[in-house]
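Scroll down for the structure; my scribbles are underneath it.
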Amino acid sequence: MNITRFAEDRQDVFWIVGTGQVERHATTMRPGAVYAGQCVAALCDVQIKIPQSTPLGRDPLTKKVSRKCPACEGIAEENNYAETNWDF
Numbered sequence: 063m064n065i066t067r068f069a070e071d072r073q074d075v076f077w078i079v080g081t082g083q084v085e086r087h088a089t090t091m092r093p094g095a096v097y098a099g100q101c102v103a104a105l106c107d108v109q110i111k112i113p114q115s116t117p118l119g120r121d122p123l124t125k126k127v128s129r130k131c132p133a134c135e136g137i138a139e140e141n142n143y144a145e146t147n148w149d150f
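To convert, take the position in the sequence shown, counting from 1, and add 62; that gives our numbering.
Take a look at the structure:
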């Protein structure tokens with residue numbers, strides 16, 4: 063059996079808006095695996111502070127943020143990462 067659909071393993075990258083930031087940065091750390099307030103490194107080496115979760119029934123304000131860090135975007139494209147926007 064030859065399954066080519068899964069032939070290419072790609073590293074995941076998550077685009078998040080850190081606390082107090084106005085653009086998305088990419089990180090390989092799954093944001094849901096760390097607690098609110100913890101800092102994680104972005105691809106561009108900026109430290110991103112993980113925000114608090116949005117209460118149930120509300121949409122995260124960051125869903126409207128589409129601007130991406132140009133440095134992170136270049137690294138993600140160069141390395142062919144599988145990209146996901148992550149909002150809290």
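Backbone N, C-alpha and C fix where the C-beta goes; we use that ideal spot for every residue, glycine too.
This structure is a prediction, so every number in the text was calculated from the model and none was measured.
Taking its Cβ as the centre, do 16 or more other Cβ atoms sit within 10 Å of ARG86, making it buried, or is it exposed? buried
Just to confirm, are THR146 and VAL79 a CB contact at a threshold of 7 Å? no
Are the stretch 128–145 and the stretch 100–117 touching, with three or more C-beta to C-beta distances below 8 Å? yes
For ILE112, which of helix, strand or coil comes out of DSSP? coil
Just to confirm before moving on: does the CB-CB distance between ALA104 and THR90 stay below 7 Å? In this structure, ALA104 keeps its C-beta atom at 7 Å or more from the C-beta atom of THR90.
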